[in-house]
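Mapped onto the UniProt record's numbering, the consecutive letters of the sequence shown carry residue numbers 1 to 91. Backbone N, C-alpha and C define an ideal beta-carbon position, used for all residues, glycine too.
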Amino acid sequence: MQYRVSYLKGMMDGMNMVSNSQEGKVISEIVSVLEDFADAFDEMDADLAMLENHVDGLDADLEFMETHYYNLDEEAPEESTRPETYSSFKK
Numbered sequence: 001m002q003y004r005v006s007y008l009k010g011m012m013d014g015m016n017m018v019s020n021s022q023e024g025k026v027i028s029e030i031v032s033v034l035e036d037f038a039d040a041f042d043e044m045d046a047d048l049a050m051l052e053n054h055v056d057g058l059d060a061d062l063e064f065m066e067t068h069y070y071n072l073d074e075e076a077p078e079e080s081t082r083p084e085t086y087s088s089f090k091k
């Protein structure tokens with residue numbers, strides 16, 4: 001996106017768009033806003049990549065915990081064979 005905004009800025013310079021004219025001012029401001037959007041987009045893209053890496057790490061840690069500590073790879077016991085829970089003793 002940055003590349004395309006830079007291209008537009010170059011076109012404006014090449015066409016000698018004068019920022020003093022009404023149209024030049026409007027187009028210059030539009031390109032400036034597009035540049036702000038491109039910067040924000042790049043920041044969000046970098047943040048998303050960082051979050052994806054973090055979530056992948058958490059997923060790997062959770063999988064390790066499930067397989068090594070909770071043995072969740074096995075099927076859950078049937079309802080009738082499960083031990084009573086604390087909530088059933090409260091009655």
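Need the endpoints of the alpha helix (DSSP H) that residue 17 sits in, please. From DSSP, residue 17 is part of no alpha helix (DSSP H); its letter is neither H nor E.
Enumerate in chain order the residues of its own chain whose CB-to-CB distance from residue 39 is below 8 angstroms, with the five nearest sequence positions on each side excluded. 2
Check each candidate in 69, 5, 70 and 68 and name the one with the smallest Cα separation from residue 36. 5
Name the two residues that bound the continuous alpha helix (DSSP H) containing residue 54. 22-65
DSSP three-state assignment for residue 1, whether helix, strand or coil: coil
Is the CB of residue 66 under 8 angstroms away from at least one CB in chain D? Of the protein chains in this structure there is only one, and it is not chain D.
Rounding to the nearest angstrom, what Cα-Cα distance links residue 62 and residue 56 in this structure? 10 angstroms
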